[in-house]
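J.: So for the sequence shown, full-length UniProt numbering puts the first residue at 1; every next one is plus one. Supplied in structure tokens, the structure appears directly below.
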Amino acid sequence: MSHGDEVQAWQKKHTNEGLSGPAQIIPRNAETTMIKVWVGEHSMIMKYEDGLPSRSMAGIYTAFKILCWNLNGSCADPIYVYRALYAYKPQNVDELELCENDIVFVVEKCDDGWYIGTSLRSGQFGTFPGNYVERH
């Protein structure tokens with residue numbers, strides 16, 4: 001099973017159970033470069049490149065890189081943080097709606113230029129055009 005398939009299965013399970021994604025509040029005076037959040041059998045470790053990042057307009061601190069760890073300690077592929085440059089309306093059921101400036105956690109970049117990821121705003125998972133986002 002590919003990492004993308006694992007993420008899709010995890011997203012489906014948590015959506016069906018009515019669970020929302022993890023939330024982490026970071027105090028403004030925090031002196032940390034890493035935060036660990038457990039969600040079921042997985043944890044997300046948010047690592048910041050140069051100390052605490054700047055705060056977005058929504059008041060959310062965005063991570064430079066996210067690593068998912070299983071309980072057995074194995075590390076999955078990195079998940080990178082992107083920002084939507086433009087709004088995108090889905091054309092198919094497997095596509096992700098983007099609003100300008102949305103933060104998206106990208107788990108896979110497809111050869112056809114499409115990306116697979118989860119929107120921080122909506123919590124939804126899907127595909128979207130890679131040229132609509134930039135690394136955040």
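No residue lacks a Cβ here, since even glycine has one placed at the ideal position from N, Cα and C.
#1: Just to confirm my understanding: we take Asp50, look at its own chain, exclude 5 residues before and 5 after, and list those with CB closer than 6 Å. What are they?
#2: Nearest-angstrom Cα distance between Asp118 and Glu97?
#3: Cβ of Tyr82 within 8 Å of Cβ of Val104?
#4: Can you tell me which of the three DSSP states Ala87 falls into?
#5: Between Gly113 and Asn131, what straight-line distance do the alpha-carbon atoms span, to the nearest angstrom?
#6: Output the distance between the C-alpha atoms of Leu85 and Lys12, rounded to the nearest integer angstrom.
#7: Just how far apart, CA to CA, sit Lys65 and Val133?
#8: How is Gly113 classed by DSSP in three states: helix, strand or coil?
#9: Once the 5 residues before and after Glu100 are set aside, which same chain residues still bring their CB inside 8 Å of it?
#10: Ordered along the chain, which non-local residues of its own chain (more than five positions away) have a Cβ less than 7 Å from that of Lys89?
#11: For Gly123, does the three-state DSSP call read helix, strand or coil?
#12: For Cys110, which option in Phe128, Ala9 and Arg135 has the closest C-alpha, if you only look at C-alpha atoms?
#13: For Gln91 and Gly126, I'd like the C-alpha separation in whole angstroms.
#14: Apart from the five residues on each side of it in sequence, which residues of its chain come closer than 7 Å, Cβ to Cβ, to Thr9?
T.: Let me spell this out:
#1: Note that Asp50 scores a pLDDT of 47, beneath 50, so its modelled location is shaky and nothing firm can be said.
#2: The question names Asp, but residue 118 in the sequence shown is Thr. Thr118 and Glu97: Cα-Cα distance of roughly 10 Å.
#3: yes
#4: coil
#5: 7 Å
#6: 27 Å
#7: Residue placement at Lys65 cannot be trusted, given a pLDDT of 44 that sits under 50; what the coordinates show is reported in the next sentence. About 16 Å.
#8: coil
#9: Ala84, Leu85, Tyr86 and Ala87
#10: Glu97
#11: coil
#12: Phe128
#13: 12 Å
#14: Checking the sequence shown, residue 9 turns out to be Ala, not Thr. Counting only Cβ-Cβ distances below 7 Å, and skipping sequence neighbours, we find nothing.
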